[in-house]
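K.L.:
Attaching a single structure in structure tokens format; questions to follow.
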Amino acid sequence: MTEPQPQQSWVKVFAPASIGNLGPGFDSLGVALEGLGDTIEARRIETPGVRIIEMTGEKENIPTDPARNCAGRAAESVLKQLKGKAAKEAGLEMKLHKGLPQGSGLGSSAASAVGGAVAAHLLFGSALGRNIRLEAPLAAEILGSGGRHADNLAASLLGGFTIVRSHEPLDVIRLEMPSSFRFVVVLPGMEIETRYARSVLPEVISLKDAASNWANTAALVAAVAQGKPADFGRAVVDRVVEPVRSKLVPGFSEVKHAALEAGAHGCSISGAGPALFAVASVDAAERVALAMQAAFQRHGLPGRHFICPPDNRGARRLD
Ligand code: HSE
Numbered sequence: 086m087t088e089p090q091p092q093q094s095w096v097k098v099f100a101p102a103s104i105g106n107l108g109p110g111f112d113s114l115g116v117a118l119e120g121l122g123d124t125i126e127a128r129r130i131e132t133p134g135v136r137i138i139e140m141t142g143e144k145e146n147i148p149t150d151p152a153r154n155c156a157g158r159a160a161e162s163v164l165k166q167l168k169g170k171a172a173k174e175a176g177l178e179m180k181l182h183k184g185l186p187q188g189s190g191l192g193s194s195a196a197s198a199v200g201g202a203v204a205a206h207l208l209f210g211s212a213l214g215r216n217i218r219l220e221a222p223l224a225a226e227i228l229g230s231g232g233r234h235a236d237n238l239a240a241s242l243l244g245g246f247t248i249v250r251s252h253e254p255l256d257v258i259r260l261e262m263p264s265s266f267r268f269v270v271v272l273p274g275m276e277i278e279t280r281y282a283r284s285v286l287p288e289v290i291s292l293k294d295a296a297s298n299w300a301n302t303a304a305l306v307a308a309v310a311q312g313k314p315a316d317f318g319r320a321v322v323d324r325v326v327e328p329v330r331s332k333l334v335p336g337f338s339e340v341k342h343a344a345l346e347a348g349a350h351g352c353s354i355s356g357a358g359p360a361l362f363a364v365a366s367v368d369a370a371e372r373v374a375l376a377m378q379a380a381f382q383r384h385g386l387p388g389r390h391f392i393c394p395p396d397n398r399g400a401r402r403l404d
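Per our numbering, residue 86 is the first one in the sequence shown, and the count goes up by one each step.
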């Protein structure tokens, strides 16, 4: 007769949503958002491998097969880094609560991947460095989007404002985001696959457009460092990606115009879209959100909005 095994305890992890690119900083800039994100509970089990036993929340079209699920895949990558006997025997099961929809542009797959990786690290006590903690979710993100980009992952893992200076090797710089910033995000109730949104991007761009994006990317970093939301918004100018991807978002120009008319400091596509984000003062945020939502509505898209301060904590244990 086998001895009954002691019940393993659960760990609970929250990983925030994020805005990638922030206009000109394609694949390099990101900011984590307070109040939106995925929650993952996980515990060790005797059976080797990763199992997803429950999914709740905005789980539409998200597979429970761990090999095709960002949280599951990221946890698998962590287990693969274990050595010897532990590598063969390690098993975990997880419950995933999706707090944001897939394909919205708010770093949904990144939040799942970061949450899955952090939970696995906690359970298997791996004292791994920051880059290793990013590598596992990155493997999962590649699965979801077809591209090696860590802008959403870095923001979700570390919180604040993140700059992925290099992807190979990974080199991330993090800045604390002043709490006076407000990000308005409006989801138009449709989905754009990141993989598709990346396939439409130009391979060649003009030096003039590149120089504009470089200047504005630098200006965004300066605005964070100086705590100036209006300067930040003014630098949300993307002459490379937005002109192409905006065609995928019905009503893009009207929604952006509505945001600026209502007092937003700046507005662009959040990540790969279709969500749009605007930078606004605390006072103007609600007005900007409603104006953007109404503009989407005029294009037949019943949107919803969120007004988020930055999340400076990043992925964290909740229990
Ligand atoms: N930087 C990425 C992109 C974010 O724009 O494709 C989407 O996950």
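Glycine is no exception: its CB is placed at the ideal position from the N, C-alpha and C atoms.
Can you tell me which of the three DSSP states R267 falls into?
P.N.:
Note: R267 maps to strand in three-state DSSP.
K.L.:
Applying the 10 Å Cβ sphere with the 16-neighbour rule, what's the burial state of A152?
P.N.:
Result: exposed.
K.L.:
Starting from the Cα of A115, find the closest Cα among W95, I354, M275, G157 and give me that residue.
P.N.:
The sequence given here places Gly at residue 115; Ala does not occur at that position. Of the listed residues, the one whose Cα sits closest to G115 is I354.
K.L.:
Measure the CB-CB distance between A235 and G201 and report whether it falls below 8 Å.
P.N.:
No.
K.L.:
Could you check whether the Cβ of A308 sits closer than 8 Å to any Cβ belonging to chain B?
P.N.:
Among the chains in the structure shown there is no chain B, since it carries only a single protein chain.
K.L.:
If you measure between the beta carbons of A300 and A205, is that distance less than 8 Å?
P.N.:
Going by C-beta atoms, A300 is not nearer than 8 Å to A205.
K.L.:
Answer yes or no: the CB of S230 versus the heavy atoms of the ligand HSE, is any distance below 7 Å?
P.N.:
Answer for S230: yes, Cβ within range of the ligand HSE.
K.L.:
Could you tell me which of I392, L208, K183, A380 sits nearest to Q93, measuring between CA atoms?
P.N.:
Selected option, being the one with the closest Cα: L208.
K.L.:
Quick one: is P387 buried, meaning 16 or more other Cβ sit within 10 Å of its Cβ, or exposed?
P.N.:
Exposed is the call here.
K.L.:
In terms of residue numbering, what span does the alpha helix (DSSP H) encompassing D404 cover?
P.N.:
Per DSSP, D404 belongs to no alpha helix (DSSP H) and is neither H nor E.
K.L.:
Assign M275 to one of three DSSP states: helix, strand, or coil.
P.N.:
The answer is coil: DSSP assigns M275 none of H, G, I, E or B.
K.L.:
If you draw a straight line from the C-alpha of L185 to the C-alpha of L167, how long is it?
P.N.:
Between L185 and L167, the C-alpha separation is close to 31 Å.
K.L.:
Taking Cβ to Cβ, would you say A100 is nearer than 8 Å to S241?
P.N.:
Cβ atoms of A100 and S241: closer than 8 Å.
K.L.:
Excluding the 5 residues flanking V340 on each side, which residues of the same chain have their C-beta closer than 6 Å to its C-beta?
P.N.:
These residues qualify, in order along the chain: L361, M377, A380, F381.
K.L.:
Quick one: Cα of A102 to Cα of G176, how far?
P.N.:
Approximately 27 Å between the Cα atoms of the pair.
K.L.:
Confirm the yes/no value for this check: CB of A343, any heavy atom of the ligand HSE, distance under 7 Å.
P.N.:
No, Cβ of A343 sits at least 7 Å from all heavy atoms of the ligand HSE.
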